[in-house]
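J.: Those protein sequence lines, which keep their order, are chains A and B.
First residue of the first sequence? That's 36 in the numbering used here, and the numbers climb one at a time after it.
First residue of the second sequence? That's 176 in the numbering used here, and the numbers climb one at a time after it.
Glycine is no exception: its CB is placed at the ideal position from the N, C-alpha and C atoms.
What follows is a structure written as structure tokens; I'll ask about it next.
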Amino acid sequence: MLRQALATFGEYLIFLRQVFSKPAKWSVFLKKWVFEMDAMGIGSMLIVSIVSLAMGSVITMQTALQIESGWIPKWTVGFISRTSIVMELCPTIISLLLVGNLGSRITAEIGSMRVTEQIDALEVMGINPASHLVLPKVLASIIVNPILCVFSIAFALLGSFLTVWITGCISTYHFIDGLTYCFRVYDVVYALTKTCVFAFVMSTVASFYGYRIEGGALELGKASTQGIVVSSFIILILNVVITDIML
Amino acid sequence: MIEVNNVSKYFGEKQVLFGIDTQFEEGKVNLIIGRSGSGKTVLMKCLVGLFTPEEGEVLYSGREFHNLSDKDKLSLRKEMGMVFQGSALFDSMTIEENVTFPLDMFTDMSESEMRDRADFCLECVDLKGVNKLFPAELSGGMKKRAAIARALACNPKYLFFDEPNSGLDPKTSLLIDELITKITHDFNTTTVVNTHDLNSIITIGETISFIYQGRLGWRGSSANILTSDDQTLNDFIYAQPLTQRLRKTL
Numbered sequence: 036m037l038r039q040a041l042a043t044f045g046e047y048l049i050f051l052r053q054v055f056s057k058p059a060k061w062s063v064f065l066k067k068w069v070f071e072m073d074a075m076g077i078g079s080m081l082i083v084s085i086v087s088l089a090m091g092s093v094i095t096m097q098t099a100l101q102i103e104s105g106w107i108p109k110w111t112v113g114f115i116s117r118t119s120i121v122m123e124l125c126p127t128i129i130s131l132l133l134v135g136n137l138g139s140r141i142t143a144e145i146g147s148m149r150v151t152e153q154i155d156a157l158e159v160m161g162i163n164p165a166s167h168l169v170l171p172k173v174l175a176s177i178i179v180n181p182i183l184c185v186f187s188i189a190f191a192l193l194g195s196f197l198t199v200w201i202t203g204c205i206s207t208y209h210f211i212d213g214l215t216y217c218f219r220v221y222d223v224v225y226a227l228t229k230t231c232v233f234a235f236v237m238s239t240v241a242s243f244y245g246y247r248i249e250g251g252a253l254e255l256g257k258a259s260t261q262g263i264v265v266s267s268f269i270i271l272i273l274n275v276v277i278t279d280i281m282l
Numbered sequence: 176m177i178e179v180n181n182v183s184k185y186f187g188e189k190q191v192l193f194g195i196d197t198q199f200e201e202g203k204v205n206l207i208i209g210r211s212g213s214g215k216t217v218l219m220k221c222l223v224g225l226f227t228p229e230e231g232e233v234l235y236s237g238r239e240f241h242n243l244s245d246k247d248k249l250s251l252r253k254e255m256g257m258v259f260q261g262s263a264l265f266d267s268m269t270i271e272e273n274v275t276f277p278l279d280m281f282t283d284m285s286e287s288e289m290r291d292r293a294d295f296c297l298e299c300v301d302l303k304g305v306n307k308l309f310p311a312e313l314s315g316g317m318k319k320r321a322a323i324a325r326a327l328a329c330n331p332k333y334l335f336f337d338e339p340n341s342g343l344d345p346k347t348s349l350l351i352d353e354l355i356t357k358i359t360h361d362f363n364t365t366t367v368v369n370t371h372d373l374n375s376i377i378t379i380g381e382t383i384s385f386i387y388q389g390r391l392g393w394r395g396s397s398a399n400i401l402t403s404d405d406q407t408l409n410d411f412i413y414a415q416p417l418t419q420r421l422r423k424t425l
């Protein structure tokens, strides 16, 4: 099993080498890049905003419920909510959400191109299919995912604020005081760095599983699932590693 | 001319091609025929570089394809056009975008020049008024013709067809066969067609290579295929009751 995992990792590295080679024509590449950014960004905004609103709301309710002691300052709810949202929930949970949303789309798209010989057609034409198809997606996700992360942070904080305002569990004054308490730009840098790394993992792993499909519709389904599972697993491990390095 | 010298191909332990030697001549329709699973598609994929044979060589007018540098391989690939069994049209693009795609990638043509070229290629395959349609909106025969138009776009010297008649009705199959012959003679291409369609074998095969269990079983032309005394070839050609009846009349 270890041997197979190492062989797959080797294949993945060879695949990355193909992906990061010079595009056949820059104008075509730029067109595809813009198209991918549009498809990935706009297509994910609704789900990201809904999940973020709910996430922000729940984390604030949970925190307010757990902190009832008079010894703990009231702004703590806002402080903990902000820290959890900015540093952990938005970069990691939204990245995992995007693995399911964008990652599976990438695997299915590239996989169906493989199954219907469209990738072979590109190769016969003398075009590097990995670079032509995957590089725009990888670069698009590295740009789009951090933007979605910022968008998600904004919606989660909004959800948090609305919860406080509607339920009245603490005063909005104390909540905002907590939100702004000890705010460090580094926390956002940390969150965005994580999101960029996770975006790279998501797009390359999903593409890799789509690109190496052999067979038909059944294998396409399997590859899509495998892509999601492996990307999520790597993201969770990298989350620990990056946290250890950066904090 | 394409020369295939002693080509062998393995998948792991399994050998699927055993030292194939054959030639595909310029300006002619060259057929690769054989039963399903005989190795026809593997041979064609070795020809176009999708597979690398473990032994042997494939020479394009004297240039050994698999030993070329990446740059030379790319320039040789620009001389090739291939029509896949399932057409392999890019389904996110319109038919016009499919045809202009290789031009967009490899030439400095302006938009209007590319459009003109696409119109010309689509006219060659008798496919007009479909420029703005997507592949999913076309019938199987129209998709094949659109794929042929795309293969023609860069004016290839070598044209490859993988089972061009599969899944088509007899009349559309005839149309595709006529188109292949016409293109080969009009543009003087070296055309290689992978088929087991008997009508194609009899009507368009100017040279025929019969592959049997991964080996070259017979080589000839449509003129002498029906009168060959090769047993394995006859078993393949006269497998159906209709052709068995035809044999009695010969």
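Could you name the residues of the same chain whose beta carbon sits closer than 6 Å to that of A/Gly113, not counting the 5 residues immediately before and after it, in chain order?
T.: The answer, listed in chain order, is Phe210, Gly213 and Leu214.
J.: I need the straight-line Cα distance from B/Thr378 to A/Glu46, nearest angstrom please.
T.: Taking the straight line joining both Cα atoms gives about 45 Å.
J.: Check B/Val179 in the structure and name its three-state DSSP category.
T.: If DSSP states are grouped into helix, strand and coil, B/Val179 belongs with the strands.
J.: Can you give me, in chain order, the residues of the segment 155-181 of chain A that have a beta carbon less than 9 Å from any beta carbon in chain B?
T.: Of all residues in the segment 155-181 of chain A, Asp155, Ala156, Leu157, Glu158, Val159, Met160, Gly161, Ile162 and His167 have a Cβ within less than 9 Å of some Cβ in chain B.
J.: Return the CA-CA distance between B/Gly392 and B/Gln190, expressed in angstroms with no decimal places.
T.: In a straight line, the C-alpha of B/Gly392 is about 16 Å away from that of B/Gln190.
J.: Take the Cβ of B/Ser314 as the centre, count every other Cβ of all protein chains shown within 10 Å, and call the residue buried at 16 or more, exposed below.
T.: Answer is exposed; the Cβ neighbour count stays below 16.
J.: Measure from the C-beta of B/Pro277 to each C-beta in chain A and report whether the shortest distance is under 8 Å.
T.: By this cut-off, B/Pro277 is an interface position.
J.: So A/Ala59 contacts chain B; which residues on that side make the cut at Cβ distance below 7 Å?
T.: Under the 7 Å cutoff, chain B gives Met280.
J.: For B/Gln415, which residues in the same chain have their Cβ closer than 8 Å to its Cβ, ignoring the five residues on either side in sequence?
T.: Result list for B/Gln415: Leu373, in chain order.
J.: Can you name, in chain order, every residue of its own chain whose Cβ lies under 8 Å from the Cβ of B/Asp247, other than the five neighbours on each side?
T.: Result list for B/Asp247: Arg238, in chain order.
J.: Rounded to whole angstroms, how far is the Cβ of B/Lys184 from the Cβ of B/Cys221, which I believe are closer than 8 Å?
T.: Rounded, the Cβ-Cβ distance is 6 Å, consistent with contact.
J.: With 16 other CB atoms within 10 Å as the buried threshold, where does A/Leu37 fall?
T.: A/Leu37 comes out exposed.
J.: In chain B, which residues lie less than 7 Å from A/Thr151 when you measure between Cβ atoms?
T.: In chain order: Gly261 and Ala263.
J.: Whole angstroms is fine: what's the gap from A/Tyr225's alpha carbon to A/Met281's?
T.: Approximately 7 Å between the Cα atoms of the pair.
J.: Please report whether the beta-carbon of A/Val69 lies at a distance below 8 Å from any beta-carbon of chain B.
T.: No, because no Cβ of chain B sits closer than 8 Å to the Cβ of A/Val69.
J.: Please confirm if B/Arg320 has its CB atom under 8 Å from at least one CB of chain A.
T.: No, because no Cβ of chain A sits closer than 8 Å to the Cβ of B/Arg320.
J.: How about B/Met268: is its C-beta nearer than 8 Å to some C-beta of chain A?
T.: With 8 Å as the cut-off, B/Met268 does not count as an interface residue toward chain A.
J.: Does DSSP classify A/Gly78 as helix, strand or coil?
T.: The answer is helix: DSSP assigns A/Gly78 an H, G or I state.
J.: Measuring only between beta-carbons, confirm whether A/Gly63 sits less than 8 Å from chain B.
T.: The question names Gly, but residue 63 of chain A is Val in the sequence shown. Yes - at least one Cβ of chain B is within 8 Å of the one on A/Val63.
J.: What beta strand (DSSP E) runs, 3 residues minimum, are completely inside the segment 338-408 of chain B?
T.: Correct list: 365-370, 382-387 and 390-395.
J.: Skipping 5 residues on each side, what residues in its chain have a beta carbon closer than 8 Å to that of A/Thr151?
T.: Counting only Cβ-Cβ distances below 8 Å, and skipping sequence neighbours, we find nothing.
J.: Of all the residues that make up the segment 243-254 of chain B, which are near chain A by a beta-carbon distance shorter than 9 Å?
T.: Result list: Lys248, Leu249, Ser250, Leu251, Arg252 and Lys253.
J.: So, for A/Trp68: in the same chain, excluding its five sequence neighbours on each side, which residues have a beta-carbon less than 7 Å away from its beta-carbon?
T.: Within the same chain, A/Trp68 has close Cβ partners Pro171, Leu174 and Ala175.
J.: Helix, strand or coil: which one does DSSP assign to A/Glu144?
T.: In this structure, A/Glu144 counts as helix in the three-state DSSP scheme.
J.: From A/Ala74, A/Val83, A/Met75 and A/Ser119, pick the residue whose C-alpha is nearest to that of A/Met304; which is it?
T.: No statement about residue 304 of chain A is possible, as the shown extent of chain A runs from 36 to 282 and does not include it.
J.: Between the segment 282-307 of chain B and chain A, which residues of the former have CB atoms less than 9 Å from a CB of the latter, in chain order?
T.: So the list is empty, because no residue satisfies the distance condition.
J.: Assign B/Lys196 to one of three DSSP states: helix, strand, or coil.
T.: A small fix is needed here, since residue 196 of chain B is Asp in this sequence, not Lys. In this structure, B/Asp196 counts as strand in the three-state DSSP scheme.
J.: For chain A, is any of its Cβ atoms less than 8 Å away from the one on B/Met257?
T.: Cβ-Cβ to chain A under 8 Å: yes for B/Met257.
J.: Name the residue from B/Phe193, B/Lys307, B/Arg292 and B/Ile412 whose alpha carbon lies nearest to the alpha carbon of B/Pro228.
T.: Of the candidates B/Phe193, B/Lys307, B/Arg292 and B/Ile412, the one whose C-alpha sits nearest the C-alpha of B/Pro228 is B/Phe193.
J.: Comparing the C-beta of B/Val223 with each C-beta of chain A, is any distance below 8 Å?
T.: By this cut-off, B/Val223 is an interface position.
J.: In the DSSP assignment, what residue or residues form a beta bridge with B/Leu334?
T.: BP columns for B/Leu334 point to B/Gly256 and B/Thr366.
J.: Looking at C-alpha atoms only, which residue of B/Phe186, B/Val204, B/Glu230 and B/Gly380 is the closest neighbour of B/Asp157?
T.: This structure cannot speak to residue 157 of chain B, because chain B is shown only from 176 to 425.
J.: If you follow the beta strand (DSSP E) that B/Thr230 is in, where does it begin and where does it stop?
T.: According to the sequence as given, residue 230 of chain B is Glu; it is not Thr. Where B/Glu230 is concerned, the enclosing beta strand (DSSP E) stretches over Glu230 to Tyr235.
J.: For A/Tyr246, is the classification buried or exposed, using 16 other Cβ atoms within 10 angstroms of its Cβ as the cut-off for buried?
T.: Buried.
J.: So B/Asn205 is in the beta strand (DSSP E); what residue range does that whole segment cover?
T.: That run of the beta strand (DSSP E) goes Val204 to Ile208.
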